[in-house]
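J.: Residues 490 to 600 (our numbering) make up the sequence shown, in order.
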Amino acid sequence: MLLNIADVSLRAESRLTERSQTTIPAAIRDALQLKPGEFIDYLLLSGGKVLMSRQSQQEDDPVVGQFLQLLENDMAANPQRIQPVSASLWANIEALTAGAEVDLDAPLTDE
């Protein structure tokens, strides 16, 4: 794949942080119509160039979708079954997660 400079309609740059993260510049996000949570494809070209593109929309998992619909229908038909989490279960949850640190901005890994 040859990249012709005449094919470039927008150029932007960003800096890599100490955690090897970067922010996609707003002009690029806007041009690709990227929203939080969407996936991005990266292609490494010869010569060290990277081609970034918005990943095509992935189909939702039909099994998960059907299960969530089942739950939604059941909650609508049987609201009396919905109960708060008990204090003892909540205490067990807190004990199991005590000391666990979560960075909601950290990238997800394959681990």
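Just so it is clear, CB atoms sit at the ideal spot from N, CA and C, and this is done for glycine as well.
Helix, strand or coil for Ile513? Go by DSSP, reduced to three states.
T.: Numbered from 1 along the sequence shown, position 24 holds the residue referred to as residue 513. In the structure shown, Ile513 sits in coil (DSSP, three-state: anything other than H, G, I, E or B).
J.: Inspect the CB distances between the segment 534–541 and the segment 557–569 and report whether three or more fall short of 8 Å.
T.: Segments in contact, no.
J.: Leu534 to Ala589, Cα distance in whole Å?
T.: Sequence index remark: in the sequence shown, residue 534 carries index 45 (1-based). Sequence index remark: in the sequence shown, residue 589 carries index 100 (1-based). Approximately 39 Å between the Cα atoms of the pair.
J.: Less than 8 Å between the beta carbons of Ser498 and Pro514, yes or no?
T.: Taking the first residue of the sequence shown as position 1, residue 498 is located at position 9. Taking the first residue of the sequence shown as position 1, residue 514 is located at position 25. No; because the gap between Cβ atoms is not below 8 Å, this pair is not in contact.
J.: Is Ser503 helix, strand or coil when you go by DSSP?
T.: For the purposes of this step, residue 503 is taken as residue 14 along the sequence shown, with counting starting at 1. Coil.
J.: Please name the residue or residues paired with Leu532 in a DSSP beta bridge.
T.: Taking the first residue of the sequence shown as position 1, residue 532 is located at position 43. Beta-bridge pairing links Leu532 to Leu540.
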